[in-house]
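Number of protein chains: 2
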Amino acid sequence: MSRFPAKVRIVEVGPRDGLQHESAFVPTAEKIAFVNRLAEAGHTTIEVSAFVSPKWVPQMADAAEVFAGITRRPGVRYTALVPNLQGLARARAARVDEVAVFPAASETFSKRNIHRTAVEALADAKRISDEARAAGLRVRAYLSTSFGCPFEGAVAPARVADLTARLIDLGAYEVALSDTIGIAHPRLVSDVLYEVTRRVPSTSLALHFHDTRGTALVNVYAGLEAGVSTFDASAGGLGGCPYAPGATGNLATEDLVYLLDGLGVVTGMRLEAIAAASRAIEPHLGHPLPSRVFRAMQATAARG
Amino acid sequence: MSRFPAKVRIVEVGPRDGLQHESAFVPTAEKIAFVNRLAEAGHTTIEVSAFVSPKWVPQMADAAEVFAGITRRPGVRYTALVPNLQGLARARAARVDEVAVFPAASETFSKRNIHRTAVEALADAKRISDEARAAGLRVRAYLSTSFGCPFEGAVAPARVADLTARLIDLGAYEVALSDTIGIAHPRLVSDVLYEVTRRVPSTSLALHFHDTRGTALVNVYAGLEAGVSTFDASAGGLGGCPYAPGATGNLATEDLVYLLDGLGVVTGMRLEAIAAASRAIEPHLGHPLPSRVFRAMQATAARG
Numbered sequence: 019m020s021r022f023p024a025k026v027r028i029v030e031v032g033p034r035d036g037l038q039h040e041s042a043f044v045p046t047a048e049k050i051a052f053v054n055r056l057a058e059a060g061h062t063t064i065e066v067s068a069f070v071s072p073k074w075v076p077q078m079a080d081a082a083e084v085f086a087g088i089t090r091r092p093g094v095r096y097t098a099l100v101p102n103l104q105g106l107a108r109a110r111a112a113r114v115d116e117v118a119v120f121p122a123a124s125e126t127f128s129k130r131n132i133h134r135t136a137v138e139a140l141a142d143a144k145r146i147s148d149e150a151r152a153a154g155l156r157v158r159a160y161l162s163t164s165f166g167c168p169f170e171g172a173v174a175p176a177r178v179a180d181l182t183a184r185l186i187d188l189g190a191y192e193v194a195l196s197d198t199i200g201i202a203h204p205r206l207v208s209d210v211l212y213e214v215t216r217r218v219p220s221t222s223l224a225l226h227f228h229d230t231r232g233t234a235l236v237n238v239y240a241g242l243e244a245g246v247s248t249f250d251a252s253a254g255g256l257g258g259c260p261y262a263p264g265a266t267g268n269l270a271t272e273d274l275v276y277l278l279d280g281l282g283v284v285t286g287m288r289l290e291a292i293a294a295a296s297r298a299i300e301p302h303l304g305h306p307l308p309s310r311v312f313r314a315m316q317a318t319a320a321r322g
Numbered sequence: 019m020s021r022f023p024a025k026v027r028i029v030e031v032g033p034r035d036g037l038q039h040e041s042a043f044v045p046t047a048e049k050i051a052f053v054n055r056l057a058e059a060g061h062t063t064i065e066v067s068a069f070v071s072p073k074w075v076p077q078m079a080d081a082a083e084v085f086a087g088i089t090r091r092p093g094v095r096y097t098a099l100v101p102n103l104q105g106l107a108r109a110r111a112a113r114v115d116e117v118a119v120f121p122a123a124s125e126t127f128s129k130r131n132i133h134r135t136a137v138e139a140l141a142d143a144k145r146i147s148d149e150a151r152a153a154g155l156r157v158r159a160y161l162s163t164s165f166g167c168p169f170e171g172a173v174a175p176a177r178v179a180d181l182t183a184r185l186i187d188l189g190a191y192e193v194a195l196s197d198t199i200g201i202a203h204p205r206l207v208s209d210v211l212y213e214v215t216r217r218v219p220s221t222s223l224a225l226h227f228h229d230t231r232g233t234a235l236v237n238v239y240a241g242l243e244a245g246v247s248t249f250d251a252s253a254g255g256l257g258g259c260p261y262a263p264g265a266t267g268n269l270a271t272e273d274l275v276y277l278l279d280g281l282g283v284v285t286g287m288r289l290e291a292i293a294a295a296s297r298a299i300e301p302h303l304g305h306p307l308p309s310r311v312f313r314a315m316q317a318t319a320a321r322g
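Residue numbers (our numbering), protein chains in the order written: chain A, 19 to 322; chain B, 19 to 322.
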């Protein structure tokens with residue numbers, strides 16, 4: 019197993035990608051406590067919220083209030099998604115450490131999701147990146163539909179590689195190749211990473227999986243084998259619901275940490291502390307969290 | 019990916035290991051239809067039931083009736099679990115093709131679960147194997163707690179290897195190394211297989227995972243990398259429940275087939291036909307089936 023990276027960085031996206039996809043609006047004070055607990059659990063990068071239109075994403079309407087309420091822990095970067103310069107201005111006012119842009123690899127998905135062609139989305143990302151970096155902020159990029167598109171089906175790995183290289187060129191320190199619809203499998207992960215790492219070093223890549231088909235962990239494994247050492251995850255598997263067909267969350271942080279602990283890969287995370295954050299947020303969601311490791315820990319505690 | 023086996027055999031254990039762990043008693047006619055649908059989906063080995071005491075396992079009380087009712091499809095082996103010679107006699111009367119014995123790797127688990135020391139359990143298995151093979155039946159063995167014990171914790175891989183070799187010596191054509199409590203991770207899978215394959219060829223091994231901590235698929239991946247080409251799975255992830263803490267089913271057949279299809283490994287299975295079997299049994303369980311791929315297929319069908 020020495021072929022794996024010795025250490026992995028986990029980017030916690032639960033407060034943003036997770037809560038954004040919950041139907042319930044979680045009270046602002048609970049979101050603040052959640053972010054603080056995640057930092058205490060050992061996270062070094064936490065995506066706290068998104069500065070998007072509250073009309074389209076009401077769950078993120080309190081982004082500024084959440085940033086104002088959290089305790090900033092030294093060594094932790096508190097980040098936010100921004101779709102445009104207006105969002106960036108709000109993010110700067112909220113004193114975020116890092117912003118994330120989110121173009122798509124699929125042309126059809128880009129047009130339908132953000133009403134931009136891929137080229138237009140890159141131009142937008144460049145404007146955001148230029149202004150953010152001039153203000154001293156780091157810029158991350160998600161590349162949506164890197165492993166498949168709900169409208170087009172397969173997306174050419176060479177196209178993913180080209181767009182990733184352009185995102186690095188325009189100033190992103192890291193590109194998170196994102197399996198937006200949770201369709202990836204390990205061979206596809208290997209194929210995409212083979213093409214992308216011909217253009218961009220694996221140290222500038224992250225992998226962002228959704229567990230729609232239960233393959234998130236095995237895809238992480240394929241990513242580790244290809245030398246990737248940064249993975250996105252969501253406490254408890256937030257954003258998913260174990261019995262609602264179609265509600266599919268991110269890879270759960272607990273499941274990822276259980277795997278990495280088993281493999282002997284250092285994460286700096288404390289599993290019990292992540293579960294404590296999940297346990298506190300769960301009652302505000304209206305359904306159980308789907309993380310298998312979290313559920314197993316809850317069952318053990320109940321028998322305790 | 020050429021390091022993987024070109025072809026994988028899936029042993030469907032849903033009608034036995036799955037239904038045995040459901041709280042509901044599924045009507046006999048539904049069990050019969052379930053087994054017939056699983057055979058139509060492409061399975062070549064189906065564990066249909068268990069000839070155990072109905073006092074201990076009421077869900078399997080109709081084992082003989084299920085065997086009497088199924089349509090025997092050419093090329094399919096219909097198997098049953100048997101704990102003792104009395105069970106074997108009932109299995110023979112029901113015209114099973116193959117029986118399975120189930121000693122444990124952990125001494126404490128063996129004593130608590132089947133009230134036998136490991137050595138006594140092996141002696142029992144030998145008596146069953148001798149009589150079964152004399153009657154023309156194939157014998158399979160599960161080795162429970164091969165990756166950890168709920169009472170002892172870690173189980174030495176060398177002990178697992180030794181017991182596996184003894185089970186092959188006493189006539190089992192295959193030993194299914196079983197992660198009874200769903201605690202395995204890929205490094206442990208590699209470690210155990212390293213020891214076991216020093217004594218027994220990988221072609222005589224199967225892997226039997228429970229998805230308690232979401233690691234079943236990634237453990238399969240580690241097994242494939244070590245050359246194992248037989249895996250147990252349960253349609254829909256039967257035996258598990260997505261929101262009941264502690265109710266944790268087998269690896270779901272749909273999830274396994276989705277992975278193997280993606281890897282280009284031949285299974286001979288039709289995913290839609292497995293899901294059809296799951297869809298028909300689900301209303302008799304009182305809860306949704308946990309398979310992520312099945313749930314994603316149901317969501318797609320609902321959006322239609």
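Virtual Cβ for every residue (Gly too), placed ideally from N, Cα, C.
The three-state reading of DSSP puts arginine 27/B in strand, counting E and B together.
Cα atoms of glycine 286/B and valine 53/A: separation of roughly 47 Å, rounded to the nearest angstrom.
The residue among Arg231/B, Glu213/B, Thr230/B with its C-alpha nearest the C-alpha of leucine 223/B is Glu213/B. Less than 8 Å divides the Cβ of valine 31/B from the Cβ of glutamate 65/B.
Taking every protein chain shown into account, the CB of arginine 184/B has 16 or more other CB atoms within 10 angstroms, so this residue is buried. Here alanine 68/B has Arg34, Gln38, Val75, Met78, Ala81, Ala98, Leu99 as same chain residues with Cβ atoms under 7 Å from its own Cβ, once five neighbours each way along the sequence are excluded. The beta-bridge partner set that DSSP reports for asparagine 268/B consists of His228/B. In the structure shown, serine 252/B adopts extended strand secondary structure according to DSSP, grouped into three states. Of all residues in the segment 213-234 of chain B, the ones placed with a Cβ closer than 8 Å to any Cβ belonging to chain A are Asp229, Thr230, Arg231, Gly232, Thr233, in chain order. In the pairwise beta carbon analysis, the segment 279-293 of chain A is classified as not touching the segment 226-235 of chain A: fewer than three pairs are separated by under 8 Å. Between alanine 314/B and chain A, the shortest Cβ-Cβ separation is below 8 Å.
When secondary structure is reduced to three states using DSSP, alanine 79/B falls in the coil class, being assigned neither helix nor strand.
Counting along the chain, threonine 63/A sits inside the beta strand (DSSP E) bounded by residues 63-68. Arginine 90/A and tyrosine 96/A have their alpha carbons spaced roughly 8 Å apart.
Judged by DSSP in its simplified three-state form, threonine 215/A adopts coil rather than helix or strand. Around tyrosine 160/B, no beta-carbon contact reaches into chain A at under 7 Å, the shortest distance being about 22 Å. Distances from the alpha-carbon of alanine 24/A to those of Phe312/A, Thr126/A, Arg55/A, Gly245/A put Gly245/A closest. Around the C-beta of phenylalanine 169/A, fewer than 16 other C-beta atoms lie within 10 Å, and the residue is accordingly described as exposed. For a cut-off of 8 Å, the C-beta gap from alanine 123/A to leucine 181/A is around 6 Å, short enough to register as a contact. The alpha carbon of threonine 46/A has as its nearest neighbour, out of Val311/A, His302/A, Ala319/A, the alpha carbon of His302/A. Proximity of histidine 203/B to chain A, defined by a Cβ-Cβ separation below 8 Å, is satisfied.
Scanning its chain for C-beta atoms nearer than 6 Å, with the 5 sequence neighbours on each side dropped, one finds around arginine 156/B the residues Glu116, Tyr191, in chain order.
Interface criterion not met: the Cβ of valine 210/B is under 8 Å from no Cβ in chain A. A direct Cα-to-Cα measurement between leucine 278/A and glycine 105/A gives close to 35 Å.
Beta-bridge analysis with DSSP links leucine 223/A to Val193/A. With fewer than 16 neighbouring CB atoms inside 10 Å of its own CB, glycine 93/B falls in the exposed class. Look at leucine 281/A: its C-beta is under 8 Å from a C-beta on chain B.
By the C-beta density criterion, histidine 61/B is buried, having at least 16 other C-beta atoms within 10 angstroms. DSSP, read as helix, strand or coil, puts arginine 91/B in coil. Using a Cβ distance threshold of 8 Å, serine 252/B and asparagine 268/B count as a contacting pair.
At a Cβ-Cβ threshold of 8 Å, threonine 63/A and arginine 27/A count as neighbours. Our two residues, glycine 171/B and isoleucine 132/B, have alpha carbons roughly 18 Å apart in a direct line.
Beta-bridge analysis with DSSP links glutamate 116/B to Thr97/B, Arg156/B. In the DSSP assignment, isoleucine 199/B falls outside any alpha helix (DSSP H), carrying neither H nor E. Counting along the chain, the unbroken alpha helix (DSSP H) around leucine 106/A starts and ends at 103-111. Closest in alpha carbon position to proline 121/A, among Ala234/A, Val44/A, Pro101/A, Ala111/A, is Pro101/A.
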